[in-house]
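Notes follow once the structure below has been shown.
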Amino acid sequence: MDKNEAQHLINELVTKLNDHNYKYYILAEPTISDYEFDMLLEKLAALEKAHPEFLLPDSPTQRVGGTVTSEFISAKHTYPMLSLSNTYSEGELRDFDERVHKIIDGKVEYICELKFDGLSISLTYEKGLLIRALTRGDGESGDDVTANVKTIRSIPLRLNGNGFPDLFEVRGEIILPRPGFEKMNLERIEIGENPLANPRNAAAGSLKMQDSAEVARRPLDAYMYYALGDSLSFETHQQSLQTLSRWGFKISNQTALCQSMDEVLDFINKMAKERDKLTFDIDGIVVKVNSLEQQQALGFTSKSPRWAIAYKYKAEQVTTQLLSIDYQVGRTGVVTPVANLKPVQLAGTVVKRASLHNADIIAKLDVRIGDQVFVEKGGEIIPKIIGVDLSKRDLFAEQVVFPESCPECATKLERQEGEAANICPNEDYCPPQIKGKLEHFIHRKAMNIDSLGEGKIEILYDNQLVKNISDLYRLTYDSILGLEKVFKGIDGAKDKKLSFKKKTAENIINGIEASKTAAFEKVLFAIGIRYVGETVARKLAFHFKNIDAIIAATDEDLQEAENIGEKVAGSIYAFFRKPENLLLIENLKSAGLTMVAEKQAELASTNLVGKSIVVSGSFGSSKRRKELEEMVAMNGAKLSGGVTSKTDFVVAGENMGPEKRQKAVSLGIPVITEAEFLEMLNK
Ligand code: IVH
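Just so we're aligned: 141 in the numbering used here is position 138 of the sequence shown, and the numbers increase by one with no gaps anywhere.
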């Protein structure tokens, strides 16, 4: 294929794939299978690899991410991002209507929209291309999260049709639909991380992740509700929404055009009943004056528009009886009280259990067994007990006594000063802690032994074949063949039998064997040192280069590694002072696990790992420019000659070519000075 053909094919594939993307994510009417889509995408990626000069900024291959941002750069909003005033009652809504009519003579039409419970985003489009995405920040300036936002499939990289101005801004909300949120939390629990409280926090956390490839894996979605720009000419808000929809944005069809406050209230009441059926969370309804001329006449206060108001739904509440309390021991030894409730219907689901968090909360609520308790489901997924109906308390209601010893292994519980958690300190022998550590060890993000899982670990543990992670490497085919266990079904589910037949046993042994090649940073993460997550493990591995250096490091040495603070350093230091842990490391070493970091360890820092950087212009002398270029490589980045949409930033000296600068600006790529670059390296 010659160059012309390649370019033509790339252009065609980009248009075609973007159209399929639109059909899938916006219209929810796909016309090809996922497999066909993936095949076309692969073809495009291969062509782009062979001809990087033809890579288009709106290529769907950009959606998979790959840019790593060590620090988000803050930028000023063209128009400040204001908030909305809130109300909780019909009376306040009618007051709003009255205020509007004091300024506007004649008829006012309102448009009601869902109040999406996510985080607001401002998108700038230039000549139809998404060039910048900013978070709300403090309303005046926000963080540039363009690379991460580009991975969200329902946000168009290039607009459909025509008729859009050269430059304008769209605002909307990034959300994480509930099914994706629940899946994400299950994964977190599996690797011993705390589940996130609600989809909003999860969405916010996702958008601030450093690795955009990781963001691409989160099922984020986005709804738009506001267009801003000098050359937009709509007459009504409804018109602006319809136009945004034509240009390719996702707009909710749950809106209502209302001629009166009574109609507004009808919509609010209707959605109150239907909100549980949505796949994402809303926390109210936004009521906006539909006519843009009237909006302009109403104007803004310093904080919010006078033409809009948010009606917020109150959290739903029910009362039910507290039957008993279970105490669950987690992987890290934290003992969590969980309330068993008389089943009750709440916000569309039957609630049987609620978290009581810790001993302090129990004391504060003064909750007793048999009490009628108020249960609420707000933004949080797990319902909360928020109070006790004292008028219904039985005279003999039993006081709750938090156990003094571990319900699993009977060790006396401990409580650190200033911490609310009661912890079982028997980390090496307490059954749920051992099983939890093993589950963490085999996790996809750790040693990735996917032939093992929770149930299989339990079988190995019950048969006393593994008491700690290094025992896994002593297992043999013969020692595990034929083991089995029946797992009781919970909540009426069927019992499930698991047995290690030939193939299963073989897979387990092979999986364990294969894990010996896992990289050092994976091993460090897998051994489960408190506070050592994936990122810290990576930083540790590249800073110290091998396990012996980490073991020998003092508290101060550890804090010298990037991103490692007092608390984390203290935990690592303490871990390697325990003889049991040193023995564990010895055993893992002799089993043949990787205890030395590869290549990257030679870097001066990992500040720029994964970045693609252009150095352009003159910096006083040609020697200096060479030095800067070397620094790019020494800190883990790729030096590239030309600016493309893959470029993360440009270090500009004097007389940088105007074309290059223009290209960087139009792609929304930051252009920084030598001083700013050096500052980045010293972080
Ligand atoms: S309009 C100038 N419409 O609610 C006002 N906001 O409490 C522009 N939100 O910061 C906002 N759904 O993040 C608008 N349909 C909707 C919304 C909405 C959710 C968020 C938005 C805003 C916050 C204010």
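Note that CB positions come from ideal geometry on N, CA and C, so glycine has one too.
query	result
Can you tell me which of the three DSSP states methionine 227 falls into?	strand
Residues bridged to glutamate 457 by DSSP?	BP columns for glutamate 457 are empty, so no partner.
Cutting at 6 Å between CB atoms, please list the residues of its own chain near glycine 351, excluding the five before and the five after it.	Asp279
Could you tell me if the beta carbon of lysine 118 falls within a distance shorter than 7 Å of some heavy atom in the ligand IVH?	yes
Looking at tyrosine 228 and the ligand IVH, is the gap between the Cβ and the nearest heavy atom below 7 Å?	yes
To the nearest angstrom, how far is it from the Cα of aspartate 551 to the Cα of phenylalanine 523?	12 Å
DSSP state of glutamate 737, grouped into three classes?	Beyond the ends of the chain as shown, which are 4 and 686, falls residue 737; an answer cannot be given.
So does valine 289 have its beta carbon nearer than 7 Å to some heavy atom of the ligand IVH?	yes
On the DSSP letters alone, give me the boundaries of the beta strand (DSSP E) that proline 582 sits inside.	Proline 582 -> not in any beta strand (DSSP E); alpha helix (DSSP H) instead, spanning 582 to 594.
Measuring straight from C-alpha to C-alpha, what distance separates alanine 655 and serine 621?	8 Å
Just mark valine 489 as buried or exposed, buried being the case when its beta carbon has 16 or more other beta carbons within 10 Å.	exposed
Can you tell me whether tyrosine 314 is buried or exposed, with buried defined as 16 or more other CB within 10 angstroms of its CB?	buried
Identify every residue that forms a DSSP beta bridge with aspartate 214.	Val71
Counting only runs of 4+ residues fully inside the stretch 345 to 405, write out the alpha helix (DSSP H) ranges in chain order.	362 to 368
Pick out whichever of Glu569, Leu244, Arg221 has its Cα sitting closest to the Cα of leucine 231.	Leu244
So, helix, strand or coil for methionine 178, using DSSP?	Contrary to the premise, residue 178 reads as isoleucine rather than methionine in this sequence. DSSP places isoleucine 178 in strand when its eight states are reduced to three.
Assuming aspartate 558 and glycine 536 are in contact, meaning their beta carbons sit under 8 Å apart, how far apart are those beta carbons, in whole angstroms?	Not a contact, Cβ separation roughly 19 Å.
May I have the straight-line CA-CA distance separating glycine 94 from leucine 117, to the nearest angstrom?	20 Å
From the DSSP output, read off the bridge partner residues of lysine 415.	Ser408
Using only the alpha-carbon positions, how far apart do glutamine 297 and leucine 137 sit?	28 Å
Exposed or buried, which one is aspartate 5 when buried takes at least 16 other CB atoms within 10 Å?	exposed
Does DSSP put alanine 691 in a helix, a strand or coil?	This structure cannot speak to residue 691, because the chain is shown only from 4 to 686.
DSSP three-state label for asparagine 204, please.	helix
DSSP three-state call for alanine 556: helix, strand or coil?	coil
Which residues in the same chain as leucine 160 place their Cβ atom closer than 6 Å to its Cβ, once the five residues preceding and following it in sequence are excluded?	Asp61, Leu133
Taking Cβ positions, are leucine 223 and serine 209 nearer each other than 8 Å?	yes
Our contact map puts alanine 357 next to isoleucine 328 with C-beta atoms below 8 Å; I'd like the distance itself, whole angstroms only.	With a Cβ gap of about 10 Å, alanine 357 and isoleucine 328 do not count as contacting.
Just to check, is the beta-carbon of proline 202 closer than 7 Å to a non-hydrogen atom of the ligand IVH?	no
Inspect the CB distances between the stretch 440 to 449 and the stretch 409 to 429 and report whether three or more fall short of 8 Å.	no
Entirely within the stretch 269 to 296 and at least 3 residues each: give me those beta strand (DSSP E) ranges in chain order.	285 to 292
Alpha carbons only, please: which of Gly568, Pro435, Ala48 is nearest the one belonging to glycine 458?	Pro435
Compare the Cα-Cα distances from asparagine 163 to each of Asn24, Ser482, Gln467 and report the closest residue.	Asn24
Mind the definition here: the stretch 108 to 126 touches the stretch 44 to 53 only if three or more C-beta pairs lie below 8 Å; say whether that holds.	no
Pairing CB atoms from the stretch 94 to 107 with CB atoms from the stretch 289 to 303, are three or more of them under 8 Å?	yes
Determine the extent of the alpha helix (DSSP H) in which tyrosine 314 is found, giving its start and end residues.	No alpha helix (DSSP H) contains tyrosine 314, which is instead part of the beta strand (DSSP E) from 311 to 315.
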